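Novice: Numbering (this note's numbering), first residue to last: 20 to 203. Beta carbons are placed, not taken as given, at the ideal position from N, Cα and C, and that holds for glycine. Remember, predicted model here, so these are calculated numbers, not experimental data. Have a look at the structure that comes next, please.
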């Protein structure tokens, strides 16, 4: 397997993780109460005078570590100079996590916009090409996507995968992969 194919496979699995993260984040964002839910007692339980069982622990932990990700905004350390958020786009979730022992950062960005798919991909493409990335096409088209592309730089250790889903009047962009972080 070539290094580019292996890097693409890593980025594709990272993109899958981003999609799962987005689903979890959107689901968690819908949970607005900090107290555990309580089941209403059934009529037979009320008639017998038995109390309904109460949960002993919550499903979501308070103060969970979110130092590398953010919902509704760009995460701390996200390389916005390399991957700027297009004008008018709403960030759904993002992350930027340093890869231990390297100068790479694993990034992801999910956003929603009314911009057309071609214009949205062009907005992502321009700064990446200006930074020395080379655009490629994924080896297999993902069904249901309006646009998709890959961007790599150097030896292939820097690789980003971009997919754009087109639904009605909105586009959802998912971007994920690894980029080299500048020295402090």
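Measure the alpha-carbon distance for residue 167 versus residue 120 and round it to whole angstroms.
Specialist: Going by the C-alpha atoms only, they are around 30 Å apart.
Novice: Select from 98, 129, 117 and 169 the residue whose C-alpha is nearest the C-alpha of residue 110.
Specialist: Out of 98, 129, 117 and 169, 129 has the C-alpha closest to the C-alpha of residue 110.
Novice: Is it buried or exposed for residue 186, if we count other Cβ within 10 angstroms and need 16 for buried?
Specialist: It counts as exposed.
Novice: Could you check what DSSP says for residue 101 in three-state terms: helix, strand or coil?
Specialist: Residue state, collapsed to three classes: coil.
Novice: For residue 178 versus residue 191, is the C-beta spacing smaller than 8 Å?
Specialist: No, these two residues do not count as a Cβ contact at 8 Å.
Novice: Going by DSSP, what residues sit across from residue 170 in a beta bridge?
Specialist: Answer is 154 and 179, bridged to residue 170.
Novice: My output table needs one value for residue 4: the three-state DSSP class, helix, strand or coil.
Specialist: No answer is possible for residue 4: it lies beyond the span of the chain, which begins at 20 and ends at 203.
Novice: Output yes or no for whether 8 Å exceeds the beta carbon distance between residue 118 and residue 194.
Specialist: Cβ distance not < 8 Å, so residue 118 and residue 194 don't count as in contact.
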